[in-house]
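Numbering (the numbering used here), first residue to last: 281 to 647. The next block holds one structure in the form of structure tokens; read it before the comments.
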């Protein structure tokens, strides 16, 4: 497919993605308030919300998809900003499972596996440490929520009111068609709302999948050349910016970070140079939640999208800009890689325990 035609297809897919987000909001509104409260009662606890964010992202293998769903829930009024922020933090943790799984492909060669596993888990440790620091502070003082709310108020107005998003108007017709088609089945409100929600989820996942696939084709050569040129000269702010730009371009932080794994495994890229790229990828992936907020009618939806960006910026400031903290995720990743090389089962246990078992336990115990 020629480049211009593929670019036009990507624009169409972005429109379809926005239709999916708006459909999600519409479906939730169709359901009664009592049903909504029963479905999302667990997220009133920040630890449970964090765990749900991790599990949801692991399930769909995309923080872009899970944060878009969170934005849709907030836009419908089902989920408050305070409850949504821990879920967004959980999505940040959940998205790192992909490159950790990629690193397991090098498990048969000790040297390669050690370098690959460390390059993958440095992303895990950064996100976990950022959550350990910022979640308690957010629960007590709400700095992320306050900063994000102040910015969204300046952009679209105060929470509690609707704002006239032009994107909302653009997607109104297809969302109405979706509701009308399923209404014709005679389904009651709860069932109808569930079907519209599922339709929106399918549209979001398919649209993001094809956006990622087509953007990867469009920029693949440029990405490879940029990675080799920039990272060959070192890391730092330039590498962080590279991770951000690539992730915005391909709409997937998992792709960006997974590119680094074989380079690290081969010894072409050092862990210290790979680390800032993962931070840029974390920041770049927040563009999807901001885009999803454009299809919403509530300022709070934009607040949550901005909270995702703010959380990652604060994490970078605390764990990368401050010299004393910069080596902590690197040392933890290297230590875990040493254990994993000696015991392969420990690597598998880590992935299953950290990304599935522990979050499930938190949800079950804290509901």
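We treat Cβ as the ideally placed atom computed from N, Cα and C, and that holds for glycine.
#### Entry: Length-filtered (3 minimum) beta strand (DSSP E) runs lying within the region 589–646
The region 589–646 contains no whole beta strand (DSSP E) run of 3 or more residues.
### Task
Figure out for me which residue from 489, 565, 380 and 541 has the closest Cα to the Cα of residue 526.
The residue with the shortest Cα to Cα distance from residue 526 is 565.
### Query
Comparing alpha-carbon positions, which option in 302, 631 and 372 lies nearest residue 412?
Of 302, 631 and 372, the residue nearest in Cα terms is 372.
### Query
Does the Cβ-Cβ distance between residue 382 and residue 400 come in under 8 Å?
Taking 8 Å as the Cβ cut-off, residue 382 and residue 400 qualify as a contacting pair.
### Message
Here's the rule I'm using: 16 or more other beta-carbon atoms within 10 Å means buried, otherwise exposed. How should residue 421 be labelled?
### Response
Residue 421 is exposed by the Cβ-count criterion.
### Query
How about residue 605 and residue 598: do their beta carbons lie closer than 8 Å?
Result yes, Cβ atoms of residue 605 and residue 598 sit closer than 8 Å.
#### Entry: CB contact flag (residue 303, residue 483, <8 Å)
Taking the C-beta atoms as reference points, residue 483 is found nearer than 8 Å to residue 303.
### Task
With a threshold of 16 other CB atoms inside 10 Å of the CB of residue 580, please say whether the residue is buried or exposed.
Result: buried.
### Message
At a threshold of 7 Å, does residue 418 count as lining the ligand NAD (C-beta to nearest heavy atom)?
### Response
In terms of ligand content, the structure shown is empty, and the ligand NAD therefore cannot be addressed.
### Task
Quick one: give me the first and last residue of the alpha helix (DSSP H) that residue 410 is part of.
From DSSP, the alpha helix (DSSP H) with residue 410 extends over 390–421.
#### Entry: Host alpha helix (DSSP H) of residue 456 (start-end)
452–463 is the span of the alpha helix (DSSP H), which, as asked, contains residue 456.
### Message
Tell me the DSSP secondary structure of residue 367 in three-state form.
### Response
It is helical.
### Message
I need the DSSP call for residue 374, collapsed to helix, strand or coil.
### Response
Collapsing the DSSP output to three states places residue 374 in a helix.
### Message
Quick check on residue 627: buried or exposed, where buried means 16 or more other Cβ atoms within 10 Å of its Cβ?
### Response
Classification for residue 627: buried.
### Task
Please confirm whether residue 613 and residue 551 have their CB atoms less than 8 Å apart.
Yes, the Cβ-Cβ distance between residue 613 and residue 551 is below 8 Å.
### Message
Below 8 Å, how does it come out for the region 294–308 and the region 446–460: are there three or more Cβ pairs, yes or no?
### Response
In short, these stretches touch, since the Cβ pair count reaches three.
### Message
What would DSSP say about residue 527, mapped onto helix, strand or coil?
### Response
Of the three classes helix, strand and coil, the one that applies to residue 527 here is helix, per DSSP.
### Message
If we define contact as Cβ-Cβ less than 8 Å, is residue 459 a contact residue for chain C?
### Response
Although the question refers to chain C, the structure presented lacks it and comprises just one protein chain.
### Message
Whole angstroms are fine: how far does the CA of residue 582 sit from the CA of residue 424?
### Response
When rounded, the separation of the alpha-carbon atoms in residue 424 and residue 582 is 13 Å.
### Query
Can you tell me the Cα-Cα spacing of residue 390 and residue 338, whole angstroms?
About 27 Å.
### Message
Looking at residue 331: is its Cβ nearer than 8 Å to the Cβ of residue 488?
### Response
Cβ distance not < 8 Å, so residue 331 and residue 488 don't count as in contact.
### Task
Determine the burial state of residue 470: buried for a count of at least 16 other Cβ atoms within 10 Å of its Cβ, exposed for fewer.
Its Cβ having fewer than 16 others within 10 Å, residue 470 is exposed.
### Query
Roughly how many angstroms lie between the CA atoms of residue 347 and residue 521, to the nearest whole one?
The straight-line gap from Cα to Cα measures roughly 22 Å.
### DSSP three-state assignment for residue 387, whether helix, strand or coil
Look at residue 387 here: in three-state DSSP terms it is coil, with no helix or strand label.
#### Entry: Bounding residues of the alpha helix (DSSP H) (the contiguous stretch that carries residue 351)
It spans 343–356 - the alpha helix (DSSP H) in which residue 351 sits, taken as one unbroken run.
### Message
Pop quiz: residue 333 and residue 374 are said to be a contact at Cβ under 8 Å. What is the actual Cβ separation, rounded to whole angstroms?
### Response
The Cβ separation is near 6 Å, so the contact holds.
### Task
Please classify residue 551: does DSSP put it in a helix, a strand, or coil?
Correct three-state label for residue 551: helix.
### Message
I need the straight-line Cα distance from residue 464 to residue 476, nearest angstrom please.
### Response
Those two C-alpha atoms are separated by around 12 Å.
### Query
Alpha carbon to alpha carbon, what distance is there between residue 495 and residue 558?
Taking the straight line joining both Cα atoms gives about 19 Å.
### Query
Between the C-alpha atoms of residue 616 and residue 629, what's the straight-line distance to the nearest angstrom?
Whole-angstrom Cα-Cα distance: 12 Å.
### Task
Please say whether residue 491 and residue 290 have beta carbons closer to each other than 8 Å?
Cβ atoms of residue 290 and residue 491: closer than 8 Å.
### Query
Looking only at its own chain, which residues have a Cβ that is under 7 Å from the Cβ of residue 299, when we skip the five neighbours before and after it?
Hits under 7 Å: 451, 454, 455 and 483.
#### Entry: Distance CB(residue 704)-CB(residue 326) smaller than 8 Å
For residue 704 there is no data in the structure shown, the boundaries of the chain being 281 and 647.
### Task
Quick one: residues in its chain with C-beta nearer than 7 Å to the C-beta of residue 545, no 5 flanking neighbours on either side, listed in chain order?
Taken in chain order, the residues that qualify are 386, 392, 395 and 396.
### Task
Compare the beta carbon distance of residue 323 and residue 359 with 8 Å and say whether it is the shorter of the two.
If you check the CB distance, residue 323 and residue 359 come in under 8 Å.
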